[in-house]
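Taking it in order: structure first as structure tokens, then the write-up.
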Amino acid sequence: MLKRTSIRTKLTVTLAVFSVVFFALVSAVVLSIGAYKNLAAELAQHSREVQLVSDLHITAYELRGSYESQKVVASQEHGLLSSDLSENRLSYFVQRGAHFEFFGNKFEMNLEECCGLSKSRSTTLLMPELERADRLAVIKSQFASFKKLEPFSSKLYFIPEYNGEKLDQIGVSLGSLRDECVKHAEATHDAFTAYSDRTRVQARFWRNVAWVCAVVMLALVATLVWLFNSYVAKPFRTLIDGSRLVAGGEFKHQIDLGTEDELSELAQAMNQMTDNFRSTLEELNVTCAGLDREVKERTREVIQNEQLASVGFLAAGVAHEINNPLATIAMSAEVLQSRLSDLAMLPAEQ
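In terms of numbering that gives the first Met the number 0, the sequence shown has 47 at position 48, counting the first letter as 1, and numbering is strictly consecutive.
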């Protein structure tokens, strides 16, 4: 079927296939770049989410540690403290309370940042929106319950014997808050691990797809190159070589391309032209041979005529040479005859 297809169709199909392959490669590159950018942006968002959750988790531990440190100091006997601290114990607890309040504000700020990620539509989260919102809602509820106990008042720790029950409530609330932060951090890290596994599997899958596509495209390009060389380039070379042989005098050479396209028609026309030229040449050779024979015959006749003319000229010369004495003899005979006649007219005695 390919042998009967026209050159124009072959070139059109080849160009179309090469265009498809080129645009496929360009599209694959563009899609890969887009996917890489999306993956990089998504990974950056997930890394920020993990970082915020880790900061929230760490701040919860720092808040709990600051509370425990302040409670331990508050529970010590006044006599066990240094002289400087015993002189101004209230100012010490004010300073410790400010430090404790700093961690509380830091925790609240980190919690707001974590909740702010859920409100952004351009952010891709690790966990489902409802699950993440429920976990953050529990943490916010625990932190709100913690703030209702007024844990940042230094007087609360200055006289711990009158506020023991409230301090225990604060400790329990901080413990629950820390536990919820730990659960949320563990869930986030598990989700990030699952996301990493999914990304790794998808990357392996798309890498295999890319290899398969590359192999298929290389095979397709090699096939197209082979088809183009077999059905377009090689017939052209055969036609050119045959034309050169004919031009060099090999008029019996016949060009056979093995196809049935325009090049085959051109080769057939070339063969027909060569046959016509060879027939014309044979006719010219026959005509020239006849003309040579006629020229030889004419030449022989001319030579013969010239020879006859030479013989005639020689005969004329000979006759002329013979006529001269004969004329003299004739004239002498006539004179003699005339004298004899005159003598005959005389009398007998004369």
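Every residue, glycine too, gets a C-beta built ideally from N, C-alpha and C.
Here the structure is a predicted model, which means the values were calculated and not measured.
Phe250: not part of any alpha helix (DSSP H); DSSP gives it neither H nor E. In the structure shown, the three-state DSSP call for Asp255 is coil. When C-beta atoms of the region 171-185 are compared with those of the region 11-19, fewer than three pairs fall below 8 Å, so the two segments do not count as touching. In this structure, the straight-line span from the alpha carbon of Leu283 to that of Val301 is close to 26 Å. Of all alpha-carbon atoms in Ala184, Tyr60, Leu238, Phe102, the one lying nearest the alpha-carbon of Glu264 is that of Leu238.
Residue burial annotation: Gln303 is exposed, with fewer than 16 other C-beta atoms found within 10 angstroms of its C-beta. Spatial neighbours of Gln141 in its own chain (CB-CB distance under 6 Å, excluding positions within 5 residues in sequence) are listed in chain order as Ser175, Leu176, Glu179. In the structure shown, the three-state DSSP call for Glu149 is coil. Inclusion of Leu116 and Leu38 in the CB contact set at 8 Å is not warranted, their separation being larger than that value.
Its chain contains Glu48, Val49, Val52, Leu125, Met126 as the residues whose beta carbon lies nearer than 8 Å to that of Thr187, once the 5 sequence neighbours on both sides are disregarded; these appear in chain order.
The Cβ atoms of Pro234 and Leu256 lie closer than 8 Å to each other.
A distance below 8 Å separates the beta carbons of Cys113 and Leu55.
Ranked by Cα distance from Leu262, the first of Gly247, Asp274, Lys251, Gly241 is Gly241. Thr8 places its beta carbon 8 Å or farther from that of Leu223. If you compare the alpha carbons of Thr279, Leu110, Ala23 with that of Thr58, the shortest gap goes to Leu110. Between Ala246 and Ile254, the C-beta spacing is not below 8 Å. Relative to the Cα of Ala15, the nearest Cα in the group Arg197, Met344, Leu219 belongs to Leu219. Under the 10 Å beta carbon count, Arg243 is surrounded by fewer than 16 other beta carbons and is classified as exposed. With at least 16 other beta carbons inside 10 angstroms of its own, Gly103 counts as buried.
Assignment of Met330 by DSSP, reduced to helix, strand and coil, places it in the helix class.
For Ile169, the number of other beta carbons within 10 angstroms of its own is at least 16, and it is reported as buried. Check the Cα spacing between Val171 and each of Glu185, Ser195, Phe145, Leu129: the tightest is with Phe145.
In the three-state reduction of the DSSP assignment, Pro324 falls in the helix class, which pools H, G and I. By the CB criterion at 8 Å, His45 and Tyr230 fall outside the cutoff. Taking all protein chains shown into account, Ala190 has 16 or more neighbouring C-beta atoms within 10 Å of its C-beta and is therefore buried. When the Cα atoms are used, His252 and Phe204 turn out to be separated by approximately 59 Å. With a threshold of 16 other beta carbon atoms within 10 Å, Thr273 meets it and is buried. Inter-residue distance for Cys287 and Ala268 is about 28 Å (C-alpha atoms, whole angstroms). DSSP, read as helix, strand or coil, puts Met126 in coil.
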